[in-house]
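Protein chains in written order, with the numbering used here: chain G, 2 to 215; chain X, 185 to 383.
A quick write-up on the structure given underneath.
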Amino acid sequence: MRIKKAYPKAIAAVLILSTSLMLSGCYPSAPDYISDYDLVYTQPDNSFDFSKVTTYMLPDSVEHITNPGDKPDHTYDAVILSELKKQLDALGWQQVTNSAGSVMVLPSVTASKQGVCTAYCWWCYWGWYPGWGYYPPVNWNPGYWYPSDIVCASYNTGTLMVNMTNPAQPKGNQLGVVWLGVLNGLLEGSTSSIATRIQTNIGQMFKQSPYLNQ
Amino acid sequence: MKYLLTIIAALTFYTAVNAQQVAEFSYQVSFPTGSFKDFVSKTGWVGFSGAYLHRLKNPQLSLGGAFTWFYFQDKKGHGTYPTDKENAALTSNRSNYTNIYQLVALVQYDFKNPKEHMVPYARIGVGGAYQDQRSDNGLYIIQADGVQFAAHADLGLRFNRDENHGVYIAATYNTLPAAQAMTATTFFGIKLGISGWGH
């Protein structure tokens, strides 16, 4: 180094320190409240005409996707089902009790201490709805299909997936999903606060999907 | 891109081992523009750069290299945001941020004899950058990162305290075109720096 009469050592020290700092990068501080981690995602099949929907079928139970040996927690099933019914009724759709409805709304829940979306994201189950076998209108095997992308990571969370399917147009042995609603968040806090967050965020699914209300 | 980075590294090394070199350290405050402003609208208060320049036979002309780090963040807060899918929507507490590590070759022209007390100059930097754009949404991260072309142009004024010490201020414009899933990144900046050089 032939820098003379200047302050090369000072500059070199600053450069070394700043390079170390640079390479570690910066990140924003974490949110303060549990509800700050709530996430609601909705995606429709844009080729589906929701204006023709007049009836819906909602099962009387929530499907729980669990690891082998894990016991499902049904604490919030009633809240989920009642809030979904409230929102679907608010669309002006009539509830029916068989698969002859315009759409079938199938809620499923995953709760895990780690890795709810281990494969990639919410649509890890896209294409395979384990609970479907309960309502086979024809000779279908369980299954959905739909498009996906968005990278995600998964933590200690609970995820509610609301799959709205079209029973009139099966593709092979699969049911097409015409609308997907996903709620993801931390399963922390009191039972009542979690129930309130579930209600609020199911409402948000429908609020941010104005095309359902035609 | 690989060849470009190799040339930049070689140029930087060359200037580091030859006389007539200038070492610089600068701080920059940056103001996002264009589509980058949609991703991060807030002023970027983190921007640090280290550079070496080598004066050519014409002392008003210099070549060199620089390594720069920028960080931008924008806590957009709770809201409903569109996605790249038609009619899809995401409601979350969102924070967008990016770290940019930039390595460029520099060409500088001093409009006056570089030994004068006040020297206006123009500088162009061309090279590559690694950028890590992220969007935190609840517990999920949407990430787009990779290497992309990077360039900047500066118009500055250097104040030489004596033959070997100086400070400078410059207006700068940076651009990193869209690459892979990364949003095109452009921003203006005000740069403050110190420099020291030898004979």
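C-beta atoms are modelled at their ideal positions from N, C-alpha and C, and glycine is treated no differently.
DSSP-derived helix/strand/coil call for residue 278/X
Here residue 278/X sits in strand by DSSP.
Are residue 372/X and residue 214/X touching if we call contact CB-CB under 8 Å?
Going by C-beta atoms, residue 372/X is nearer than 8 Å to residue 214/X.
If the cut-off is 8 Å on Cβ atoms, which residues from the segment 244-259 of chain X count as contacting chain C, listed in chain order?
The structure shown contains no chain C; its protein chains are G and X.
Look up residue 84/G in the DSSP assignment and say whether it is helix, strand or coil.
Residue state, collapsed to three classes: helix.
Name the chain G residues that come within less than 8 Å of residue 320/X, Cβ to Cβ?
Those within 8 Å of residue 320/X in chain G are 29.
Residues of the segment 36-62 of chain G in Cβ contact with chain X at a cutoff of 8 Å, in chain order, please.
Cβ proximity to chain X below 8 Å picks out 37, 38, 39, 40, 41, 42, 43, 44, 45 and 47 from the segment 36-62 of chain G.
Cβ of residue 154/G less than 8 Å from any chain X Cβ?
Residue placement at residue 154/G cannot be trusted, given a pLDDT of 44 that sits under 50; the coordinates are not used to answer.
Are the C-beta atoms of residue 158/G and some chain X residue less than 8 Å apart?
Taking Cβ atoms only, chain X reaches closer than 8 Å to residue 158/G, which makes this a yes.
Within the same chain, show all residues whose beta-carbon is closer than 6 Å to that of residue 284/X, passing over the 5 residues directly before and after it, in chain order.
If we look at residue 284/X and ignore the five residues flanking it on each side, its Cβ neighbours are 254, 313 and 315.
Indicate whether at least one CB of chain X lies closer than 8 Å to the CB of residue 127/G.
Any reading at residue 127/G must be qualified, since the residue scores a pLDDT of 41, below 50, and its modelled position is unreliable; no value is offered.
Which residue or residues does DSSP assign as beta-bridge partners of residue 313/X?
In the DSSP assignment, residue 313/X is bridged to 286/X and 332/X.
For my contact list, residue 262/X and residue 277/X are in at a C-beta cut-off of 8 Å; report their separation, rounded to the angstrom.
Confirmed, Cβ separation roughly 5 Å.
Is it right to say residue 119/G is buried, meaning 16 or more other beta carbons lie within 10 angstroms of its own, or is it exposed?
Unreliable placement is indicated for residue 119/G, whose pLDDT of 37 sits below 50; no coordinate value is reported for it.
For my contact list, residue 173/G and residue 111/G are in at a C-beta cut-off of 8 Å; report their separation, rounded to the angstrom.
Going by Cβ atoms, the distance from residue 173/G to residue 111/G rounds to 26 Å, so no, they are not a contact pair.
Test: residue 153/X CB closer than 8 Å to a CB of chain G:
Outside the displayed range of chain X (185 to 383) lies residue 153/X, so it cannot be described from this structure.
Selection from 349/X, 338/X and 353/X that minimises the alpha carbon distance to residue 359/X
Closest option to residue 359/X, Cα to Cα, is 338/X.
Starting from residue 32/G, find everything on chain X with Cβ-Cβ shorter than 7 Å and list it in chain order.
Residue 32/G reaches chain X at 277, counting residues in chain order whose Cβ is nearer than 7 Å.
Give the residues of chain G in contact with residue 357/X, contact being defined as C-beta atoms less than 7 Å apart.
The contacting residues do not exist; residue 357/X stays about 21 Å from chain G at best.
My output table needs one value for residue 345/X: the three-state DSSP class, helix, strand or coil.
Of the three classes helix, strand and coil, the one that applies to residue 345/X here is coil, per DSSP.
Taking its Cβ as the centre, do 16 or more other Cβ atoms sit within 10 Å of residue 240/X, making it buried, or is it exposed?
By the neighbour-count rule (16 or more Cβ atoms within 10 Å), residue 240/X is not buried but exposed.
Pull up the DSSP beta-bridge partners for residue 319/X, would you.
In DSSP, residue 319/X forms a bridge with 280/X and 326/X.
Residue of 189/G, 47/G, 66/G and 98/G minimising C-alpha distance to residue 213/G
Nearest of 189/G, 47/G, 66/G and 98/G to residue 213/G, Cα basis: 47/G.
Using a C-beta cutoff of 8 Å, does residue 212/G count as contacting chain X?
Under the Cβ criterion of 8 Å, residue 212/G is counted among the residues facing chain X.
Three-state secondary structure (DSSP) of residue 185/G
Three-state DSSP puts residue 185/G in a strand.
Among residues of its own chain, excluding the 5 on either side of residue 294/X, which ones have a beta-carbon nearer than 7 Å to its beta-carbon?
Here the set comprises 244, 303 and 305.
Since residue 247/X and residue 205/X are thought to touch, with beta carbons under 8 Å apart, how far apart are those beta carbons, to the nearest angstrom?
Your pair residue 247/X and residue 205/X does not check out as a contact, with CB atoms roughly 10 Å apart and the cut at 8 Å.
Pull out every residue of the segment 164-184 of chain G whose Cβ sits closer than 8 Å to any Cβ of chain X, in chain order.
If the cut-off is 8 Å between Cβ atoms, the segment 164-184 of chain G has nothing near chain X.
Compare the C-beta of residue 204/G with all C-beta atoms of chain X and state if any pair is closer than 8 Å.
Between residue 204/G and chain X, the shortest Cβ-Cβ separation is not below 8 Å.
Return the first residue and the last residue of the alpha helix (DSSP H) that residue 194/G is part of.
Boundaries of the alpha helix (DSSP H) harbouring residue 194/G: 192-208, taken from the DSSP string.
By how many angstroms is the C-alpha of residue 80/G removed from the C-alpha of residue 161/G?
So the two alpha carbons sit approximately 12 Å from each other.
Are the segment 173-184 of chain G and the segment 193-207 of chain G touching by the rule of at least three beta carbon pairs closer than 8 Å?
Between the segment 173-184 of chain G and the segment 193-207 of chain G there are three or more C-beta pairs closer than 8 Å, enough to call the two in contact.
Within its chain, find whatever has a CB closer than 6 Å to the CB of residue 223/X; leave out the 5 residues flanking it on each side and keep chain order.
These residues qualify, in order along the chain: 280 and 367.
Can you have a look at residue 345/X and say buried or exposed, based on whether 16 or more other CB atoms are within 10 angstroms of its CB?
It is exposed - the Cβ of residue 345/X has fewer than 16 other Cβ atoms within 10 Å.
Quick one: is residue 199/X near chain G, going by C-beta distance under 8 Å?
Low confidence applies to residue 199/X: its pLDDT is 48, below 50, so where it sits in the model is not reliable, and the reading given next is rough at best. Nearest CB-CB separation between residue 199/X and chain G: not below the 8 Å threshold.
One question on the structure: do residue 60/G and residue 85/G come within less than 8 Å of each other, judged by their Cβ atoms?
Contact: no.
Three or more C-beta pairs closer than 8 Å, one from the segment 185-197 of chain G and one from the segment 33-48 of chain G: is that the case here?
Flag = yes, the segment 185-197 of chain G and the segment 33-48 of chain G touch.
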